[in-house]
Amino acid sequence: DTGVSQDPRHKITKRGQNVTFRCDPISEHNRLYWYRQTLGQGPEFLTYFQNEAQLEKSRLLSDRFSAERPKGSFSTLEIQRTEQGDSAMYLCASSAAGSGANVLTFGAGSRLTVL
Amino acid sequence: SQKIEQNSEALNIQEGKTATLTCNYTNYSPAYLQWYRQDPGRGPVFLLLIRENEKEKRKERLKVTFDTTLKQSLFHITASQPADSATYLCARLGSNDYKLSFGAGTTVTVRA
Chain A
-14 DTGVSQDPRH KITKRGQNVT FRCDPISEHN RLYWYRQTLG QGPEFLTYFQ
36 NEAQLEKSRL LSDRFSAERP KGSFSTLEIQ RTEQGDSAMY LCASSAAGSG
86 ANVLTFGAGS RLTVL
Chain B
547 SQKIEQNSEA LNIQEGKTAT LTCNYTNYSP AYLQWYRQDP GRGPVFLLLI
597 RENEKEKRKE RLKVTFDTTL KQSLFHITAS QPADSATYLC ARLGSNDYKL
647 SFGAGTTVTV RA
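Protein sequence lines correspond, in order, to chains A and B. Residue numbers -14 to 100, in the working numbering, belong to the letters of the first sequence in order. Residue numbers 547 to 658, in the working numbering, belong to the letters of the second sequence in order.
Written as structure tokens, this is what we have:
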């Protein structure tokens, strides 16, 4: 297992298009998180899965955003009708449930640029 | 709401010196404070964590302290090296929480 993988690493799209990001977590980890990070800021929580169940969504996640984790393995984050304000780094992280400290292992991120 | 704040100014230090970064939180004391390193264009990487009942933790040249009275954690990089240049993020986790809340990070540059 090589850690958390994210694809694509970079995506440039025109405003109004839909984009989808994929995350493959560490296989033993049943918790999966999506964060968004803009320049000069720390990661902001978007949503959280335990296995296949999406247990929390941030208010940052508008109706244009949807995340899934079918079968509790990989996850996808889709943004519909992209806006320039969606330009950011989208980070996926995973952790093992039962670990009190909940240390996150992050992927390298998917950088979105909306023109 | 619970907030976490880091000294936002970039830190420029000479190689060999100690870098000290500050992380302040409001409201309730987190069960854990975690520190991550982030290089440009990469995801954060976990470095150290400290529990609310611990005063200090060390790992090689890194040291973290936790002062629940001051609601503050300090992160020290001793004998700093140019390879330590990065952004360092502080994150809090509550006792009944499962998600980390991050500060904005402090960018450290170590000059040779």
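Every residue gets a Cβ at the ideal spot worked out from N, C-alpha and C, and that includes glycine. Given the structure is predicted, the values throughout are model-derived calculations rather than measurements.
Buried or exposed by the 16-neighbour rule on C-beta atoms within 10 Å, applied to residue i
i: SER47(A); result: exposed
i: ILE(-3)(A); result: exposed
i: PRO55(A); result: exposed
i: LYS645(B); result: buried
i: THR67(A); result: buried
i: GLY587(B); result: exposed
i: ALA565(B); result: buried
i: GLN584(B); result: buried
Any C-beta of chain A under 7 Å from that of residue i
i: ARG588(B); result: yes
i: LEU500(B); result: What the structure shows of chain B is the stretch from 547 to 658, and residue 500(B) is not part of that stretch, so it cannot be assessed.
i: LEU579(B); result: no
i: GLY649(B); result: yes
i: LEU595(B); result: yes
i: LYS605(B); result: no
i: PHE592(B); result: yes
Closer than 7 Å to chain B by CB, residue i
i: VAL99(A); result: no
i: GLY57(A); result: no
i: ALA81(A); result: no
i: PHE30(A); result: yes
Per DSSP, cross-strand counterpart(s) of residue i
i: THR655(B); result: ASN558(B)
i: PHE91(A); result: ALA78(A)
i: ASN3(A); result: For ASN3(A), which the question treats as bridged, DSSP gives no partner whatsoever.
i: TYR33(A); result: TYR18(A), GLU41(A)
i: LEU639(B); result: TYR578(B)
i: GLU13(A); result: Looking at the DSSP assignment, GLU13(A) forms no beta bridge with any residue, so it has no partner.
From the options, residue whose alpha carbon lies closest to that of residue i
i: PHE50(A); options: ALA93(A), GLY70(A), ALA82(A), GLY27(A); result: GLY70(A)
i: ARG638(B); options: TYR75(A), PHE30(A), PHE59(A), ARG66(A); result: PHE30(A)
i: VAL656(B); options: ASP630(B), THR615(B), ASP643(B); result: ASP630(B)
i: GLY649(B); options: PRO590(B), GLY562(B), ALA565(B), ASN558(B); result: PRO590(B)
Chain-ordered chain B contacts of residue i [CB-CB under 7 Å]
i: ALA102(A); result: The structure shown does not extend to residue 102(A), since chain A spans only -14 to 100, so no value can be given for it.
i: GLY27(A); result: LEU635, PHE648, GLY649, ALA650, GLY651
Where residue i meets chain B, residues with beta-carbon distance less than 8 Å
i: TYR75(A); result: Within chain B, no residue comes near TYR75(A); the closest Cβ sits about 10 Å away, beyond 8 Å.
i: ARG16(A); result: TYR644
Chain B residues whose Cβ lies nearer than 9 Å to that of residue i
i: LEU87(A); result: Strictly speaking, residue 87(A) in this sequence is Asn, with Leu absent from that position. Correct list: TYR578, GLN580, LEU639, ASP643, TYR644, LYS645, LEU646.
Any C-beta of chain C under 7 Å from that of residue i
i: ALA658(B); result: Of the chains in the structure shown, none is chain C; the protein chains are A and B.
The ligand MN heavy atom lying under 6 Å from the CB of residue i
i: THR624(B); result: With respect to the ligand MN, the structure offers nothing, as it holds no ligand at all.
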